[in-house]
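A short write-up of the structure that comes next.
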Amino acid sequence: MMSAQPNKMKKGKKVTQASKADKYDLYQQSVQSPEFEAEFMAKAFKKHYKREATILREDFCGTHAVCCEWLKKGKADRQAWGVDLDPEPLAWGKENNQDNLSEGQKERLHLVEGNVLTAQTPLADVIAAQNFSFWIFKTRDDLRTYFEKVYRNLNKDGVMVLDMMGGAEAITDDNEEETEHDDFTYVWDQDYFDPVTHNCVFKIHFRFDDGSEIKNAFTYKWRLWTLPEVQEILKEAGFKSVDVYWEGSDEDGEGNGKFSVVEHGECDPCWVSYVVAAK
């Protein structure tokens, strides 16, 4: 009698660094500075109205990290409202970013899963659209409509805070820029750019030392707006004052993280700025 053949062990899927990683955690480490952004928004409001802002609305809020920082750093009367269409990052933020909030702070955080054009929230002192998220609007009419909605959703004393990027390096395609972190590499992939329409496709990948990768962790199909266009459309929407905040340079010519109001900027190959529009 022949002996039975031993059962062959099924090979399991290889566990890689990419398979164990969390794309939202990596995104927050790579892209966002919520503590700085919340502080900047508060200062921008106070500069115009000489008092403290209370209510923040964060449009396209995703994991609503800025909302959480707004509540952590301010007085007990602060409120934060986050609006986003996608339930996944909202849920991730509830599970991860809200852990650092007190029960009282959690009660003053309100999330709306919905469209920023139609979401119903109280009038805000500050409405923010960060990480170029408003570039989802690709025509002047659509962008003006959004800015008009923002204008109506602000208190009579209110500011909108946006961030912008540009420079020669921003209008190229088939170009990747890598930033090394302790446990991974952040990759900003400028996949496509049309010089006629300014329509573009940007992607984010995360790469790891074991050769694994989270490819296309995030994909953005936007119009790359320019600073003059955005300033003009904000004024068309009713905002009385529109300021551009430009980043200063350190002794090596690199950004120093300090932003001030300017009327003219240096022709850097790549830059990030803030725009603050006041009613």
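Numbering-wise (the numbering used here), the sequence shown opens with residue 1 and increments by one. Positions of the beta carbon are idealized from the N, C-alpha and C atoms, including for glycine. These numbers were taken from a predicted model, which means no experiment stands behind them.
Rounded separation between residue i and residue j - CA only
{"i": "Ile136", "j": "Asp77", "result": "33 angstroms"}
{"i": "Val187", "j": "Gly74", "result": "34 angstroms"}
{"i": "Glu263", "j": "His198", "result": "24 angstroms"}
{"i": "Glu69", "j": "Lys50", "result": "21 angstroms"}
{"i": "Thr280", "j": "Arg223", "result": "This structure leaves residue 280 out entirely; the chain is present only between 1 and 279."}
{"i": "Phe147", "j": "Pro87", "result": "24 angstroms"}
{"i": "Thr185", "j": "Phe206", "result": "6 angstroms"}
{"i": "Ser241", "j": "Leu143", "result": "18 angstroms"}
{"i": "Gly265", "j": "Lys13", "result": "52 angstroms"}
{"i": "Asp182", "j": "Val31", "result": "15 angstroms"}
{"i": "Thr145", "j": "Gly238", "result": "11 angstroms"}
{"i": "Ala4", "j": "Asp22", "result": "Residue confidence is low: Ala4 scores 43 on pLDDT, short of 50, so the model does not pin down where it sits. Its coordinate-derived value is still stated next. Going by the C-alpha atoms only, they are around 44 angstroms apart."}
{"i": "Thr118", "j": "Pro195", "result": "32 angstroms"}
{"i": "Ile204", "j": "Gln29", "result": "13 angstroms"}
{"i": "Phe36", "j": "Asp174", "result": "31 angstroms"}
{"i": "Phe134", "j": "Asp252", "result": "32 angstroms"}
{"i": "Glu52", "j": "Lys149", "result": "23 angstroms"}
{"i": "Lys20", "j": "Leu85", "result": "26 angstroms"}
{"i": "Cys200", "j": "Cys267", "result": "21 angstroms"}
Neighbourhood of residue i by C-beta, 7 angstroms cutoff - its chain only, sequence neighbours within 5 removed
{"i": "Gly255", "result": "Glu247, Ser249"}
{"i": "Arg140", "result": "Ile233"}
{"i": "Trp92", "result": "Tyr24, Thr63"}
{"i": "Lys235", "result": "Val242"}
{"i": "Asp210", "result": "Thr16, Gln17"}
{"i": "Tyr245", "result": "Phe259, Ser260, Val261, Ser273, Tyr274, Val276"}
6 angstroms Cβ shell around residue i - same chain, five flanking residues per side excluded
{"i": "Ala18", "result": "Phe208, Ser212, Glu213, Ile214"}
{"i": "Gly158", "result": "Asp125, Lys279"}
{"i": "Met9", "result": "The predicted model places Met9 with a pLDDT of 45, which falls under 50 and marks its position as unreliable; any figure quoted below should be read in that light. Answer for Met9: no residue qualifies."}
For residue i, the nearest candidate out of the options (CA to CA)
{"i": "Ile233", "options": "Ser260, Glu88, Tyr151", "result": "Tyr151"}
{"i": "Phe40", "options": "Gln130, Leu85, Thr172, Thr179", "result": "Gln130"}
{"i": "Tyr220", "options": "Asp59, Ser102, Phe193", "result": "Phe193"}
{"i": "Gly104", "options": "Gln120, Trp92, Ala80, Arg223", "result": "Ala80"}
{"i": "Trp225", "options": "Val83, Lys138, Lys72, Glu58", "result": "Lys138"}
{"i": "Leu56", "options": "His48, Gln32, Leu123", "result": "Leu123"}
{"i": "Ala38", "options": "Glu176, Thr145, Thr54", "result": "Thr54"}
{"i": "Phe132", "options": "Gly238, Thr145, Cys61, Phe259", "result": "Cys61"}
{"i": "Asn216", "options": "Asp191, Lys235, Val196, Ser260", "result": "Asp191"}
{"i": "Leu227", "options": "Tyr274, Ala21, Val15", "result": "Tyr274"}
{"i": "Asp328", "options": "Lys235, Leu90, Glu52", "result": "Any property of residue 328 remains undetermined from this structure, which presents the chain solely from 1 to 279."}
{"i": "Met156", "options": "Thr118, Tyr245, Phe134, His48", "result": "Looking at the sequence shown, residue 156 is not Met but Lys. Lys156 has its Cα closest to that of His48, out of Thr118, Tyr245, Phe134, His48."}
Presumed contact (8 angstroms Cβ cut-off) between residue i and residue j, rounded CB distance
{"i": "Val126", "j": "Val161", "result": "6 angstroms"}
{"i": "Met165", "j": "Val276", "result": "Rounded, the Cβ-Cβ distance is 16 angstroms, inconsistent with contact."}
{"i": "Phe202", "j": "Tyr27", "result": "Not really, about 13 angstroms apart at Cβ, beyond 8 angstroms."}
{"i": "Pro34", "j": "Val66", "result": "5 angstroms"}
{"i": "Asp281", "j": "Val261", "result": "Here the chain covers residues 1 to 279 and nothing more, so residue 281 does not appear."}
{"i": "Glu176", "j": "Asp189", "result": "5 angstroms"}
Cβ neighbours of residue i in the same chain (closer than 8 angstroms, five flanking residues each side left out)
{"i": "Leu101", "result": "Cys68, Leu71, Lys72, Leu109"}
{"i": "Glu107", "result": "none"}
{"i": "Val15", "result": "none"}
{"i": "Pro269", "result": "Gly167, Ala168, Glu169"}
{"i": "Asn153", "result": "Arg57, Thr121, Leu123, Ala124, Ile127"}
{"i": "Lys258", "result": "Glu247, Gly248"}
8 angstroms Cβ cutoff, residue i in contact with chain B
{"i": "Thr179", "result": "Of the protein chains in this structure there is only one, and it is not chain B."}
Residue i CB to nearest heavy atom of the ligand HEM below 7 angstroms
{"i": "Glu107", "result": "The ligand content of the structure shown is nil, which means the ligand HEM is not present either."}
*asked:* Three Cβ pairs or more, each shorter than 8 angstroms: is that satisfied between the segment 81-101 and the segment 154-171?
replied: no
*asked:* With three or more beta-carbon pairs closer than 8 angstroms as the criterion, would you say the segment 29-48 touches the segment 109-124?
replied: no
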